[in-house]
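Heads up: the protein sequence lines correspond to chains D, H, F and Y, in order. For the first sequence, the numbering used here gives the first residue as 1, with consecutive numbering after it. For the second sequence, the numbering used here gives the first residue as 147, with consecutive numbering after it. For the third sequence, the numbering used here gives the first residue as 293, with consecutive numbering after it. For the fourth sequence, the numbering used here gives the first residue as 439, with consecutive numbering after it. See structure below.
Number of protein chains: 4
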Amino acid sequence: MTRLTLNLANRLIEAALAEGQRLQLAPLCVAVLDAGGHLLALQRDERASLLRPQIAIGKAAGVLGMGFGGRELVRRAAKMPAFFNALSDLAGGNMVPVPGGVLIRDPAGELLGAVGISGDTSDNDELCAISGVRAIELIPDTGDPV
Amino acid sequence: MTRLTLNLANRLIEAALAEGQRLQLAPLCVAVLDAGGHLLALQRDERASLLRPQIAIGKAAGVLGMGFGGRELVRRAAKMPAFFNALSDLAGGNMVPVPGGVLIRDPAGELLGAVGISGDTSDNDELCAISGVRAIELIPDTGDPV
Amino acid sequence: MTRLTLNLANRLIEAALAEGQRLQLAPLCVAVLDAGGHLLALQRDERASLLRPQIAIGKAAGVLGMGFGGRELVRRAAKMPAFFNALSDLAGGNMVPVPGGVLIRDPAGELLGAVGISGDTSDNDELCAISGVRAIELIPDTGDPV
Amino acid sequence: MTRLTLNLANRLIEAALAEGQRLQLAPLCVAVLDAGGHLLALQRDERASLLRPQIAIGKAAGVLGMGFGGRELVRRAAKMPAFFNALSDLAGGNMVPVPGGVLIRDPAGELLGAVGISGDTSDNDELCAISGVRAIELIPDTGDPV
């Protein structure tokens, strides 16, 4: 089993931020959590707004908390709004059910951690998350079928 | 780069409250936060209701947290209610997405802080915020195109 | 009965900050709460550190919460540390039992509100609070006998 | 005035972690906050224990909250334990008064942010923080006289 190391997390973040620059996105914050939901690395563009670290961490914590990617969280939140309001309270707010939270899996499907990105639209945030995970040759699980 | 000093914050608040009196609005509370989201100055008309300080601070914290003025927060909250519920929890409630939260920029567009006003209708609160920022020769960013 | 108005709170704060400058103290934050414990006015020197607004509010909220000035809170906290730890939790942290929290009374002894100051030593903070209250011809109650 | 950018924060962290390896310290977590107390960058060695990110952030937030380095926080906490218990509650726990929280100043003394490190002894954590700040040619303020 591959383990998500700090070195891998740093490389993931660098690739994600580079993709954001290539796409000329708004300033981003990228957070990588390990399989236990604990922060391994975070980088915030100094021009990104103040709440971006919490949102990025909350996206990653949300997908780890429920065990599926942000796209599936969005679908479930639409069907069960009261449940997701309760989840948000339960998590002390650390659960942000939107695209841009992506599970990180190894090629065998084993869960290694998650990345959360905030700063541009949720769809663009997710593109950068996918790029970051692929740059370290792991599998991004956005919650949508492959 | 101009820095938002206590002296500037006091002058902003006085001008905002004077505009409220000129327009014969309900009693107001005005809060000014620096670029890091920390309170520089606050004044509450003694006749304003009890939650006005938290609402005024929450409006200013909301626009700083997300990086755009209250009008844009309103539009996004209408499109993404679940996300904004999550943001409110994430911010411990200190995020109030309505007009009356206005970013303060210098003429070069640099972000210096934010003002939040509560007491009358959100539209009227915002008019006073705009007056206050202009009185110190800085640029109010309401989230609407200029 | 005198009521603590915004105008009086502003004058109290200006006098307290002027005393801090006269004594060449560190940058201060001054908060004035009404008799209901709600913020009327706050000013933070832009050079004061980030937690000063919460500390200043917490000093004023503490003296109002228990009904005696900061000096008496200090004495009771020394005798009953477990009780004061519990009080701090109970108040969500908004209870800071040190000098610099001063009740504001009218000449008949009626409670009108409280001022809290943070930035220099607690003793110096309190000197400025006393100056501020006296400047509006009200009576500072520090928790020590007159 | 220099501003603390993400690039500077990353270089600070790399230098601090390299110093930790050179000294053969336990696995570390390093957090860099901007002057407003918001996270710019964080890296946790994947072998460091789970609470290290919060401790590192709490050390940096503590020195920014009070405006002096961790060594001075230690001295004050020893003299005023009840006050520091109250501060911890006031800050929601985000205030850890031990060495290893170091203010980052520019050569003119202007406050740019703070670094917090956790993982080894507080003294060793602080050595790495000092190395990191010096590596980007800024001035570490540990709370001790130079």
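Built from N, CA and C at the ideal position, the CB exists for glycine as well.
1. Using only the alpha-carbon positions, how far apart do Y:ALA464 and Y:SER487 sit?
2. At the level of alpha carbons, what is the spacing between H:LEU154 and F:GLN335?
3. Return the CA-CA distance between Y:VAL468 and Y:PRO491, expressed in angstroms with no decimal places.
4. Less than 8 Å between CB atoms is the rule here; does H:GLY183 satisfy it with respect to chain Y?
5. Is the Cβ of F:LEU300 closer than 8 Å to any Cβ of chain Y?
6. Between which residues of its own chain and Y:ALA479 is the CB-CB distance below 7 Å, once the five residues before and five after are set aside?
7. Indicate whether H:ALA275 and H:ALA162 have their beta-carbon atoms separated by less than 8 Å.
8. Among the residues of its own chain, which have a CB less than 6 Å from the CB of H:ASP191, if the five just before and after it don't count?
9. Taking one C-beta from the stretch 367-383 of chain F and one from the stretch 396-415 of chain F each time, how about it: are there three or more such pairs within less than 8 Å?
10. From the DSSP output, which residues share a beta bridge with Y:SER394?
11. Could you check which residue in Y:GLY507, Y:LEU502, Y:GLN462 has the C-alpha nearest to that of Y:VAL584?
12. Could you tell me which residues DSSP puts in a beta bridge with D:GLN43?
13. Under three-state DSSP, which class holds Y:GLY538?
14. For Y:ILE577, which of helix, strand or coil comes out of DSSP?
15. Which chain H residues are close to D:ASN85, counting only those with a beta carbon under 7 Å from its beta carbon?
16. Would you mind working out which of D:LEU103, D:ASP34, D:ILE55, D:GLY37 sits nearest Y:LEU477, comparing C-alpha positions?
17. Between F:ASP412 and Y:GLU564, what straight-line distance do the alpha-carbon atoms span, to the nearest angstrom?
18. With a threshold of 8 Å between beta carbons, is Y:LEU502 in contact with chain F?
19. Identify each residue in the stretch 527-538 of chain Y for which the Cβ-Cβ distance to at least one residue of chain F is less than 8 Å, and report them in chain order.
20. How many Å lie between D:THR2 and D:ALA61 at the Cα?
21. How would you call H:PRO286, buried or exposed, if buried means at least 16 neighbouring beta carbons within 10 angstroms?
22. With a cut-off of 8 Å, does the C-beta of F:GLU343 fall near any C-beta of chain Y?
23. Is there a C-beta anywhere in chain Y that falls below 8 Å from the one on D:LEU42?
24. At least one CB of chain Y closer than 8 Å to the CB of D:LEU4: is that the case?
25. Using a Cβ-Cβ cut-off of less than 7 Å, list which residues of the stretch 68-79 of chain D approach chain H; keep chain order.
26. Taking CB distances under 8 Å as the criterion, tell me whether H:GLU192 reaches chain F.
27. State the beta-bridge partners of D:LEU111 as determined by DSSP.
28. Please list, in chain order, all residues of the same chain as H:ALA181 whose beta carbon is under 8 Å from its beta carbon, the five residues on each side excluded.
29. So, does the CB of H:ALA177 fall closer than 8 Å to a CB anywhere in chain D?
To lay it out plainly:
1. 10 Å
2. 11 Å
3. 7 Å
4. yes
5. Output row for F:LEU300: interface = no.
6. LEU444, ALA447, ASN448, ILE451, VAL470
7. yes
8. PRO173, LEU174
9. Cβ pair count under 8 Å is below three, so no.
10. Lying before the first or after the last residue shown, residue 394 of chain Y is absent from chain Y, which here runs from 439 to 584.
11. Y:GLY507
12. D:VAL30, Y:ALA479
13. coil
14. strand
15. ASN231
16. D:ILE55
17. 26 Å
18. Judged by the 8 Å Cβ criterion, Y:LEU502 is in contact with chain F.
19. Going along the stretch 527-538 of chain Y in chain order, one finds ASP527, LEU528, ALA529, GLY530, MET533 with a Cβ nearer than 8 Å to chain F.
20. 20 Å
21. buried
22. Sequence check: residue 343 of chain F is Leu here, not Glu. At least one chain Y Cβ lies under 8 Å of F:LEU343.
23. yes
24. It does; some Cβ of chain Y falls within 8 Å.
25. ALA77
26. yes
27. D:LEU111 pairs with D:ARG105.
28. LEU150, LEU210, LEU257, LEU258, GLY259
29. no
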